[in-house]
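See structure below.
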Amino acid sequence: AGADARAVGPHEVTVSGSYSRRTIDREGTFDEFDTQLTRAIRLPGKARLDREIGGYAVDAAENMAEDVRHQAALLLAGYWWDWLGANAESEVDRQAVTNYAQALAAVNRRVELGDAPQLEADQARAALGAARIRAEQSTGRADLAQARLRAQFPSLPLPAEAPAIPLPAMAEPALAAYRDEIIANSHEIAAAEAEARAAAAYADRLRLDRVADPSIGLRLFSERGGEEQGAGLVFSMPLGGRHRSALADEAGSSASAALADERLARFSVEETASADLAEARFRLSAWQRARESLAAQMEVLAKLRRGNELGEIGLADLLLGERMVHDAFSAEVVARTDAQRAITKLRIDAHELWLHD
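In the working numbering, the protein residues as written are 4 to 360.
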């Protein structure tokens, strides 16, 4: 609507008229009237600039709307991975409770048989209690994350159970390509460019407006009761002064500021692109290290369990091994969630998810 209004222009047709009665000595009284129809016209170049300003404003508005959509996608991704990550951690903690419960049952049997002291049963029971506390806390965090996701996106259909977090997979060439796509597809840059062009065109428009638009019209008149009638053209033109020059100078300064904002937006997006790429790389690397650590801890735990069954490893060492494996599973889940979160942000910022899915 704003672009259409600028294309049409601000000038309207003005109708004016007057009626009077003139009395002339020894001649009588006469009815007299005149009617005038005038309209201002834009000088050459102004209409073109008005159309350009309107077009740039539309481009800026469309890109800002798309950027809002982009921010909503990032918000959704954040809440989504919060939910999946918290749920995966709660599953790890619940499995730890099961493992500690099995260990306690085994110790109780050994105590009953006289093969283990009561202290070991107490230690196993304490470890089970700590695991249950941790499981309750992680389950609560998962429920909280789901509640926040539903509150922010009430129309989004969610599965009854949080899906499992897939294993991150992204080749290095694909990661590097996303950085360039983030910059090329940035609506923030496009909006800033459109606003800068609009400001520059507006400054040019006000420079032209130092010379005011003239008004041209038609005048009809009747005098002496109709004895004198006529028609003619009328012309008027404001004489611009310092006010118009000051407005033009102000618009020029605003255009320079808009150009600086455009450069700042580009720098900001380039920083985001580089940061997204760096984060995705180190999150993937951290997850791979966490996975390797988990595998090593699992091997150690298997040996500890076997040694405990044979009576060669004490319960304290076994419980420590269980705790270390529990922590390794939790660390792997957190690293996997962070890696998927970083990859998702990279793809959203590159508009790869938006454009293709």
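A virtual CB, placed ideally from N, CA and C, is assigned to each residue, including glycine.
Span of the alpha helix (DSSP H) around residue i
i: G31; result: No alpha helix (DSSP H) holds G31; the beta strand (DSSP E) holding it covers 31-43.
i: G81; result: 49-116
i: H190; result: 190-211
i: L362; result: Coverage of the chain is limited to positions 4 through 360, which leaves residue 362 absent and any answer about it impossible.
Residue i to residue j span [Cα, whole Å]
i: V336; j: S256; result: 53 angstroms
i: S333; j: D96; result: 8 angstroms
i: E191; j: A345; result: 20 angstroms
i: D360; j: I316; result: Because the pLDDT at D360 is just 42, under 50, the model does not fix this residue reliably, and the point stays unresolved.
i: L358; j: S158; result: Residue placement at L358 is flagged as unreliable, the pLDDT there being 44, under the threshold of 50; a coordinate-derived value is accordingly withheld.
i: E115; j: Q105; result: 16 angstroms
i: N111; j: G132; result: 15 angstroms
i: Y181; j: A148; result: 29 angstroms
i: E273; j: H14; result: 44 angstroms
i: G233; j: S19; result: 16 angstroms
i: Q355; j: A281; result: Here the sequence assigns Glu to residue 355, which means Gln is not the residue at that position. Going from the Cα of E355 to the Cα of A281 covers about 18 angstroms.
i: I168; j: E69; result: 29 angstroms
i: L52; j: A254; result: 14 angstroms
i: L77; j: I351; result: 7 angstroms
i: L318; j: W84; result: 37 angstroms
i: E175; j: D330; result: 29 angstroms
i: F156; j: A75; result: 10 angstroms
i: V71; j: A268; result: 15 angstroms
Exposure of residue i, with buried meaning 16 or more beta-carbon neighbours within 10 Å
i: G324; result: buried
i: N321; result: The question names Asn, yet the displayed sequence has Leu at residue 321. By the 10 Å Cβ count, L321 comes out buried.
i: A203; result: buried
i: I185; result: buried
i: A193; result: buried
i: S288; result: exposed
i: P171; result: buried
Residue range of the beta strand (DSSP E) that includes residue i
i: F365; result: Shown here, the chain extends from 4 to 360; a query on residue 365 therefore has no answer.
i: R222; result: 218-226
i: V237; result: 231-239
Of the listed residues the options, nearest to residue i (C-alpha basis)
i: R128; options: H73, A108, L147; result: A108
i: D341; options: L313, E295, R144, D279; result: D279
i: T41; options: A130, R222, L209, A163; result: R222
i: F36; options: G243, A206, I56, R227; result: R227
i: A60; options: D330, E295, A197, K306; result: A197
i: A143; options: Q300, A89, A43; result: The question names Ala, yet the displayed sequence has Gly at residue 143. Of the candidates Q300, A89, A43, the one whose C-alpha sits nearest the C-alpha of G143 is A89.
i: R200; options: P47, A305, D264; result: D264
i: L46; options: A215, S141, S23; result: A215
i: G229; options: T17, D28, T32; result: T32
Per DSSP, the bridge partner or partners of residue i
i: I27; result: G31
i: S21; result: D37
i: V16; result: R42
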